[in-house]
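S.K.:
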Amino acid sequence: MGTALAEMTMPQISPLAGEPIERADAERLAGVLKALADPARLRLLSLIQSAPEGEACVCDLTAPLGLSQPTVSHHLRILTEAGLLEREKRGVWAYYRLVPTAIATIADLLTPPRKRATKKAR
1 MGTALAEMTM PQISPLAGEP IERADAERLA GVLKALADPA RLRLLSLIQS
51 APEGEACVCD LTAPLGLSQP TVSHHLRILT EAGLLEREKR GVWAYYRLVP
101 TAIATIADLL TPPRKRATKK AR
């Protein structure tokens, strides 16, 4: 499967940690958030996650989105490059699945430290 780029590209410090975030970290996080900030891409993540095997190919995603295959492929490429999806080539098809650690990392970075401590204590 593809590599989980999110682990390598995610900043180590939250912008909400109480200290300034480095410019490079802010740019990396903004890039991932940009990839998420599109309704079609959010739907793709949802469709892939809810698929029976937790994975889907472009052929499974065009009809539910009502978008052409090249457009869906473009969105999948952006999500993959952001480290949110893994891609596995099988014959002529490429199958995509979520990188669970990437979504968890983003959620953790955007949760204020006091809320994180409360959430983990439960």
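Counted from 1, the sequence shown has number 23 at position 23 by UniProt numbering; the numbering is strictly sequential. Quick reminder that beta carbons are idealized off the backbone N, C-alpha and C, glycines included. Values in this document were obtained by computation on a predicted structure and should not be read as measured data.
1) What residue range does the alpha helix (DSSP H) around LEU33 cover?
2) Do HIS75 and ALA26 come within 8 Å of each other at the CB atom, strictly closer than that value?
3) At the level of alpha carbons, what is the spacing between ARG87 and LEU47?
4) Taking 8 Å as the threshold (C-beta atoms), are ALA107 and VAL32 in contact?
5) Flag this pair as yes or no: are the beta carbons of TRP94 and VAL58 separated by less than 8 Å?
6) Within its chain, find whatever has a CB closer than 6 Å to the CB of ARG97; leave out the 5 residues flanking it on each side and keep chain order.
7) Would LEU84 and VAL99 be called neighbours here (beta carbons separated by less than 8 Å)?
8) Between ARG90 and ALA51, what straight-line distance do the alpha-carbon atoms span, to the nearest angstrom?
9) Along the chain, where does the alpha helix (DSSP H) that runs through GLU81 open and close?
10) Tell me whether ARG23 is buried or exposed, calling it buried when 16 or more other Cβ atoms sit within 10 Å of its Cβ.
11) CB-CB under 7 Å to LEU67, same chain, minus the five flanking residues each way: which ones, in chain order?
12) Rounding to the nearest angstrom, what Cα-Cα distance links GLU28 and THR71 in this structure?
13) State the DSSP-derived secondary structure class of LEU98, mapped to helix, strand or coil.
M.R.: Reading off the structure:
1) 23 to 36
2) No, they are not a contact pair.
3) 15 Å
4) no
5) Per the sequence shown, residue 94 should be read as Ala rather than Trp. Result yes, Cβ atoms of ALA94 and VAL58 sit closer than 8 Å.
6) Result list for ARG97: GLY54, GLU55 and GLU86, in chain order.
7) yes
8) 17 Å
9) 69 to 81
10) exposed
11) ALA40
12) The amino acid at residue 28 is misidentified as Glu; the sequence shows Arg. Whole-angstrom Cα-Cα distance: 24 Å.
13) strand
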